[in-house]
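Asker:
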Amino acid sequence: MYIHSELAEASSMLMQARELFLESGDRTGAAWCSESLGESLRMQSEYSEAAAVLKDAQAQFFELGDRSGAARCSRSLGQILHMQSKYSEATAVFTNARAEALEIGDQLVAAQCSRSLGDNLSMRGEYSEAAAVLTNARAQFLDIGHRLGAAQCSQSMGEILSMQSNYSEAAAILTNARAEFLEIGERLGAAQCSQALGDNLRRQSEYSEAAAVLTDARAQFLQIIDRVGEAQCARSLGEILLAQRKYTEAESLFMHARDQFLDIGLEQEAAECSELL
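Residue 233 in full-length UniProt numbering is what sits at position 233 of the sequence shown, and the numbering runs on without skipping anything.
#1: Helix, strand or coil: which one does DSSP assign to L161?
#2: Within this structure, are the beta carbons of Q155 and A191 separated by less than 7 angstroms?
#3: Among M157, M163, N166 and S165, which has the Cα closest to the Cα of N176?
#4: If you draw a straight line from the C-alpha of L188 to the C-alpha of S40, how long is it?
#5: Within 10 angstroms of the Cβ of Q58, are there 16 or more other Cβ atoms? Answer buried if so, exposed if not.
#6: Near S11, which residues of its chain fall below 7 angstroms by C-beta distance, leaving aside the five closest residues on each side in sequence?
#7: For E63, count neighbouring C-beta atoms within 10 Å of its own C-beta (all shown protein chains included) and say buried if the count is 16 or more, exposed if not.
#8: According to the Cβ coordinates, are F94 and G78 closer than 7 angstroms?
#9: State the DSSP-derived secondary structure class of residue 278, mapped to helix, strand or coil.
#10: Enumerate in chain order the residues of its own chain whose CB-to-CB distance from Q164 is below 7 angstroms, with the five nearest sequence positions on each side excluded.
#11: For the candidate residues E269, Q107, A179 and A51, whose alpha-carbon lies nearest to that of G137?
#12: Just the C-alpha distance for F181 and A231, rounded to the nearest angstrom, thanks.
#13: Is A97 closer than 7 angstroms to R75 when the C-beta atoms are compared?
#14: What is the residue span of the alpha helix (DSSP H) that E180 lies within?
#15: Could you give the distance in angstroms between the alpha-carbon of Q140 and the alpha-carbon of S88?
#16: Where does Q16 land, buried or exposed, given buried means 16+ other C-beta within 10 angstroms?
#17: Going by the CB atoms, is the gap between C153 and R115 shorter than 7 angstroms?
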């Protein structure tokens, strides 16, 4: 997992490389750089700029006849829509990208689209359908030996179980997924599993233990400069304080989370924080 300074440096290098490819007439190299640049910007929560770069990369791949590259860009654009709570639009994008990937035999992109589609269905509260899609996606990742994708599916399935109040089963799956992320060096996934485990405890009113886990997860997000994860942990910690009737401390966290979400451009998340104030 890149930290923020590394992502910013990577973005700068990718822009330089793209210019060199364009000057030398290497359109394929330029398209790859555009895609990587868009992904880097997306990971930095620069969603508007990322979308513009990814649309440009997608157009380049279409012109080159690279359907796999275009499908990858579609999925990334869908992920941006998902983060912006535009779930219906994201579902359409993921479904189309998956169909394209399956048609050209790109198993990895197809599995990644399935995972993203499952996450999107989960956010819409369609848990049974989401679980079925994620179970299938996990099997696809395992078939092609992609440990990261399989672990991400497990994480999502654990989060669904928690939302369905299957707390013990959720905790077991999330703990295993976190261990897998740590083993392969994926700090973001490990932090997200810690966050999910904290929220799982919070839903059971295990406030002291939940606060400890969420505080640790928040520290992990701060280390890797993941602003979305940090703000989500702050909101969850605020909800714990609210339940404990520590209103002033809760308000401070809700305001912090709201300001972070607004700065990133996640209006739905910001509105939810405002409702808690």
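Every residue, glycine too, gets a C-beta built ideally from N, C-alpha and C.
Answerer: To lay it out plainly:
#1: helix
#2: no
#3: M157
#4: 14 angstroms
#5: buried
#6: L37, S40 and L41
#7: exposed
#8: yes
#9: This structure does not reach residue 278, given that the chain is present from 1 up to 277, and the question cannot be answered.
#10: Y127
#11: The question names Gly, yet the displayed sequence has Ala at residue 137. Checking every option, the nearest Cα to that of A137 belongs to Q107.
#12: 21 angstroms
#13: yes
#14: Y167 to E183
#15: 24 angstroms
#16: exposed
#17: yes
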